[in-house]
Structure formats: C-alpha cells, structure tokens
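Q:
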Amino acid sequence: MQLDLKGLEQCTTSSFLSSSLEKAYILLHDASSRKKVSSLWENCFIVCISYINEVSYFEIVKKDSSTDARAGILKTPHGEVRTPSYVVVGTDAAVRCVPSEELPHTKTQLIIANTYHLWRTLGKKLETFEGLHKRMKWNSPLMTDSGGFQVFSFGFGREHGMGKMGNALPVRKLSVGTGRASSPADEAALRSRPARPDSCRDTKLAGLRELPPDNFLAGRGKNLVRVTDDGVYFSTEDGEQYLDAELSIYIQEKLGADIIVAFDEPTSPLHDHAYTKESLERTHRWAIRSLKARARNDQLMYGVVQGGAFEDLRKESAEFIGKQPFEGFAIGGSYGESMGAPREQMLSVLRWSVPYLPKEKPRHLLGIGRIEDVFDAVEHGMDTFDCVIPTREARHGSLWTAKGRFDVRKGSFEGSREPIEEGCGCIACGEKNITRGELRELFKSKNMEAGHLASLHNVYFFNNLLERVRDSILEGEFSKFRDRFLSNIHR
Ligand SMILES: [Zn+2]
Numbered sequence: 219m220q221l222d223l224k225g226l227e228q229c230t231t232s233s234f235l236s237s238s239l240e241k242a243y244i245l246l247h248d249a250s251s252r253k254k255v256s257s258l259w260e261n262c263f264i265v266c267i268s269y270i271n272e273v274s275y276f277e278i279v280k281k282d283s284s285t286d287a288r289a290g291i292l293k294t295p296h297g298e299v300r301t302p303s304y305v306v307v308g309t310d311a312a313v314r315c316v317p318s319e320e321l322p323h324t325k326t327q328l329i330i331a332n333t334y335h336l337w338r339t340l341g342k343k344l345e346t347f348e349g350l351h352k353r354m355k356w357n358s359p360l361m362t363d364s365g366g367f368q369v370f371s372f373g374f375g376r377e378h379g380m381g382k383m384g385n386a387l388p389v390r391k392l393s394v395g396t397g398r399a400s401s402p403a404d405e406a407a408l409r410s411r412p413a414r415p416d417s418c419r420d421t422k423l424a425g426l427r428e429l430p431p432d433n434f435l436a437g438r439g440k441n442l443v444r445v446t447d448d449g450v451y452f453s454t455e456d457g458e459q460y461l462d463a464e465l466s467i468y469i470q471e472k473l474g475a476d477i478i479v480a481f482d483e484p485t486s487p488l489h490d491h492a493y494t495k496e497s498l499e500r501t502h503r504w505a506i507r508s509l510k511a512r513a514r515n516d517q518l519m520y521g522v523v524q525g526g527a528f529e530d531l532r533k534e535s536a537e538f539i540g541k542q543p544f545e546g547f548a549i550g551g552s553y554g555e556s557m558g559a560p561r562e563q564m565l566s567v568l569r570w571s572v573p574y575l576p577k578e579k580p581r582h583l584l585g586i587g588r589i590e591d592v593f594d595a596v597e598h599g600m601d602t603f604d605c606v607i608p609t610r611e612a613r614h615g616s617l618w619t620a621k622g623r624f625d626v627r628k629g630s631f632e633g634s635r636e637p638i639e640e641g642c643g644c645i646a647c648g649e650k651n652i653t654r655g656e657l658r659e660l661f662k663s664k665n666m667e668a669g670h671l672a673s674l675h676n677v678y679f680f681n682n683l684l685e686r687v688r689d690s691i692l693e694g695e696f697s698k699f700r701d702r703f704l705s706n707i708h709r
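Be aware that the sequence shown starts at 219, since it is given in my numbering, and climbs by one per residue.
(1) CB of E277 to nearest heavy atom of ligand 1: below 7 Å?
(2) Note down, in chain order, each residue of its chain lying with its Cβ closer than 6 Å to the Cβ of D516, except the 5 sequence neighbours on either side.
(3) Is any heavy atom of ligand 1 found at a distance shorter than 7 Å from the C-beta of A331?
(4) With hydrogens ignored, establish whether the beta-carbon of I467 is closer than 7 Å to any heavy atom of ligand 1.
(5) What is the DSSP secondary structure of Q368, reduced to helix, strand or coil?
(6) Please indicate yes or no: does the CB of H675 lie closer than 7 Å to some heavy atom of ligand 1?
(7) Just reading off the beta strand (DSSP E) that K280 is part of, what are its end residues?
(8) Between the C-alpha atoms of S694 and V279, what's the straight-line distance to the nearest angstrom?
(9) What does DSSP give as the partner residues of W618 in its beta bridges?
(10) P484 and G550 look like a contact to me (Cβ under 8 Å); what is the Cβ gap, rounded to whole Å?
(11) Could you tell me which uninterrupted beta strand (DSSP E) segments, each at least 3 residues in length, are contained entirely in the stretch 507-531, listed from first to last along the chain?
(12) By DSSP, does K343 sit in helix, in strand, or in coil?
(13) Which term fits T346, buried or exposed, when burial requires 16 or more other beta carbons within 10 angstroms of its beta carbon?
(14) Suppose you measure from the CA of E537 to the CA of S630; what does that come to, to the nearest Å?
(15) List the whole-angstrom C-beta distance separating S663 from R613, where the pair is believed to meet the contact cut-off of C-beta under 8 Å.
(16) Which same chain residues, not among the five before or five after D416, have their C-beta less than 7 Å away from its C-beta?
(17) Helix, strand or coil, according to DSSP, for Q459 in the structure here?
(18) Taking only heavy atoms of ligand 1 into account, decide whether any of them is closer than 7 Å to the Cβ of E639.
(19) With respect to 7 Å, is the separation between the Cβ of A646 and the closest non-hydrogen atom of ligand 1 below this value?
(20) Tell me whether the stretch 656-670 and the stretch 295-305 touch, counting them as touching only if at least three CB pairs, one residue from each stretch, are closer than 8 Å.
(21) Expressed to the nearest angstrom, what Euclidean distance is found between the alpha-carbon atoms of R532 and K628?
(22) For the beta strand (DSSP E) that F631 lies in, which residues bound it at each end?
(23) Of the residues R561, E578 and D601, which one's Cα is nearest the Cα of R588?
(24) For E320, which of Q563, R700, M354 and T301 has the nearest alpha-carbon?
(25) Does DSSP classify T285 as helix, strand or coil?
(26) Buried or exposed for S274, going by 16 or more other Cβ atoms inside 10 Å?
(27) Looking at S508 and F481, is the spacing between their C-beta atoms short of 8 Å?
(28) Three-state secondary structure (DSSP) at H675?
(29) Reducing DSSP to helix, strand and coil, say where R314 ends up.
(30) Going by alpha carbons, who is nearest to T333 out of R288, E455, S358 and E471?
(31) Given a cut-off of 8 Å, decide if I539 and M564 are closer than it, judged by their beta-carbon atoms.
(32) For G643 and H351, what's the separation of their Cα atoms in angstroms?
(33) Who are the Cβ neighbours of G655 in its own chain at under 7 Å, not counting the five residues just before and after it?
(34) Could you check if V306 belongs to the surroundings of ligand 2, using beta carbon to heavy atom distance under 7 Å?
(35) Are A505 and Q542 closer than 8 Å when you measure CB to CB?
Right, here's the structure in full:
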C-alpha cells in the first residue's frame, strides 16, 4: 500500500514537522507492507509514537563550552548508557576472558557483538535464538554491528594485508579486488530468502577458511568477498554465503540488541575516488533498504556514514545519511591511530562529517578506541566508540594505564612488586592485588588467568577513563582534563 504524503499531512498536527514526515512516510510504507496494517489511522498512531520516542531516547545533559564534547544519556530497553561511553567488544556474544558476572565490576555500560560472526555461528539456531541478552547473561544495553565490516576485512583488507590493528595504510595505491565470480543462477539461489538461515552451518564456526580467529587480517590473502549492488557474497568453507541489507536487519532483529546498525560497505583510504563514490551510493541505497526492512520498533537503528578519505564524499554521505530517519548515526571507515592511520585523517573525517549529523541524536565512531582517538572523538561530538584494543591487547600482555601502555611480559618486570596501576579500582588491581611481576609470571607460564586479569584491568581502565571524561564535561573542565591526561602519557 502506497501512502500519499498529502493525506498524511492532513491527519497530523502542526507540530508534526517536515523532517518527521520523511520518517513517517518510510515507517508507514514499511508498516503497511510488512505488517499488513489496514488502517491509515493505526499507522499514524505508530508514527506518532515513533516520533515521541525519537526525542526521548537521547538526552544531552551538558555541552562543553569550548569544544563539541557533550555528556548525554542514551536510553535503551535494557537501561541507560551515560555518554561519552566506551563500547566493549563481545564478538561472539562474549567479552573474551571476562565472564558476564564480572562485567559490572569493569564499569561496562554497552557491549557490541558481531552480526556476521553470530550469523555464521548460530546458523539454523538463529530462528529460535533466545536473544543476545539471555545468551550473554547481560541484562544491560547491547549493540550489534551490521556485518559490513567483514565486507572490507575479508575482501579488500585481506587481499591487501590491511589490518584492523595496524598496517591500515600501505604506502601505495592498490587496485580494487573483485573476488571470485559465480553464475547468475548461483547468485539467485543464494539470494533466495527462505534458504538464508539454513545456508549457514549448524555448528560453531568462528569465521572463514584460512582465517585465524584472533587476527584475521594479519597477512595478505585471497579476496573472499564479492560486492554487488544487491548484496555481498562471501567465500567460505561451505561455499558462497550471501548477506544483504534485509538479511543483516533480519539477523540483528533476531539477535535482539538494543542498538542495531544499517548494512554498509566500508571502504579503505586506498580505494580511489571513483570506487569510493560508487560504494558510497551503494551504502546509501542499503541504508534505505535497512530502514524499510525493520520489523521491530524497540531497537534504535544507526545509519552509517562512509566516504573514505575524500572530503566531498564524506560530506555527501553525512548529509544524505543525516537526513534519514535513523535514531542515531555511526561514522565508519574513519580509521584512527588504532588502525595505523595518521591522527589527522580521523580528525578530518570527523570535521567533514559531524556538522551534517543531527545534533539531538547519538553518534557512534566505529572501530576507534585508543586514548588519543577517544579524546579526539569526544572533542568532535562523538558519544560512543567501540574497539577491540582493551581485550585483544590484554591477551597479549599489553596493559593500559594513565601513563600509557606497557608490555608486562618484558624481563624488566620480573619480580616487580608494583601494581598494574596504582589506585586502579579493577578486580585485578584492587581485590586481587596482582603485581606486575606476578602477572608476568602468569603470562610466561601461559596460565589462562593472565589474559583474564589483564582484560579485567584494561576494560576497567577504558571505561573508567570515559567516566572521568564525562565527569570533566559535566564540570566544564573537559579541555583541562584532556590536556592534563594526554601530557602524562609516555608515547
Ligand atoms: Zn587495574
């Protein structure tokens, strides 16, 4: 059923402004086709409720006077997130090395899980999945990504040896990989809706063939991804798998996180302008398709801004995505120091993009999370950011403190009676009084407790840092706090 905007205008009040009409149209159109709602008035009620929700789920409590930093409260069905906030990564529905019951002691507010990995892991079980909150025993806010990052990481990133944790910017421009081809008939079969949940293996499967589970971008390899305007084909050990906007939203609604993300295609700074523009337009079409695919109204959906390292494309993307009726916005493919990119690149992306995003809605920076990156992101008006750094680096012996990062496995820490960080309130430092020397011994003997204790500390460190950042905004002292904190870090 198509709805006429004029008819909608007649049945709404004057407070129902034009920006909301665009959202209203999409919601009405979707609701009518998906839920077969017969009454226009019933649809209008749904739209009005959505509109009311739109202005109530995110509250900006305080704005910094000298920067774009802001402190807010993001309200979700599973509780509030006080922003700015770190988002802890729980790729396969678990924060590695940190049991759920210990997460509250790490000041974790929000966890992001990986849609692609969960889709591949759950397979048929997705249909009857009890939801991420129950699976994780985590009755607090959750977020899922779109699966779009795997388009980049298993494709161009893998082909050119570009890692999430570094080596993101090889020095020369490279051509765009195309992946392997399959026949039109094969593609049609993969895109067939009923076959999708069954197309996954019904067993635990962490990822794609040849991909080490913990560092899947470590080296160069074959491009395992083929991107089309319809969606993305992944080469897996089970043959090709197909993921598109509709399936991404379907999976994310089944997973049931509080915040979900529209399907997108991240690009690399190495992609040229022509490909980045082509990809951007595809991401924009996928954004609209993601909105139309919604069947639940209790999740916040974030649209994703892309555009690589090109100012005109970033602005174009932010302007387009910023006008869509998403509840929040994410900036993707921005890279930061955590991705091996120069600091200036991430700053440019933020400066180009943020002005086009609605001020009253939450903003998330995808895949960014070193200390300097976090301060830059907050200063430019970002509210949340996710990164694997705290847990991944902990498992390899890298500990974060207010003075910077150190590798506890080094010989200089043998027998050290110094705590991981003086005054730290984490379980490892506070309750267990673990010394650097003891932690070094645990790593040397490959004791599982080493990664556990180090993760407890790192996750707490970043969550606590963001809590202090938030407090500094509330007290009108953000710039002073930032300058003091960064000046104490050994680089
Ligand atoms: Zn600690």
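Just so you know, even glycine gets a beta-carbon here, dropped at the ideal spot from N, CA and C.
A: Working from what's here:
(1) Flag unset: Cβ of E277 not near ligand 1.
(2) Scanning its chain for C-beta atoms nearer than 6 Å, with the 5 sequence neighbours on each side dropped, one finds around D516 the residues P295, in chain order.
(3) no
(4) no
(5) helix
(6) yes
(7) F276 to K281
(8) Note that residue 694 is Gly in the sequence shown here, rather than Ser. Each residue's Cα considered, the two are about 12 Å apart.
(9) In DSSP, W618 forms a bridge with R623.
(10) 5 Å
(11) 518-523
(12) helix
(13) exposed
(14) 52 Å
(15) Wrong, their Cβ atoms sit about 15 Å apart, outside the cutoff.
(16) Note that D416 has pLDDT 29, beneath the 50 cutoff, so the model's placement of it is unreliable and the number below is only indicative. Answer for D416: K342, listed in chain order.
(17) strand
(18) yes
(19) yes
(20) At 8 Å Cβ cutoff, the stretches do not touch.
(21) 42 Å
(22) No beta strand (DSSP E) holds F631; DSSP gives it neither H nor E.
(23) In this structure, R561 is the residue among R561, E578 and D601 with its C-alpha nearest to the C-alpha of R588.
(24) M354
(25) Note: T285 maps to coil in three-state DSSP.
(26) exposed
(27) yes
(28) helix
(29) The answer is coil: DSSP assigns R314 none of H, G, I, E or B.
(30) The alpha carbon of T333 has as its nearest neighbour, out of R288, E455, S358 and E471, the alpha carbon of E471.
(31) Not a contact, by the Cβ cut-off of 8 Å.
(32) 26 Å
(33) F631, E632, G633, S634 and R635
(34) Judged by which ligands are present, ligand 2 is missing from the structure shown, whose ligands are ligand 1.
(35) A505 places its beta carbon less than 8 Å from that of Q542.
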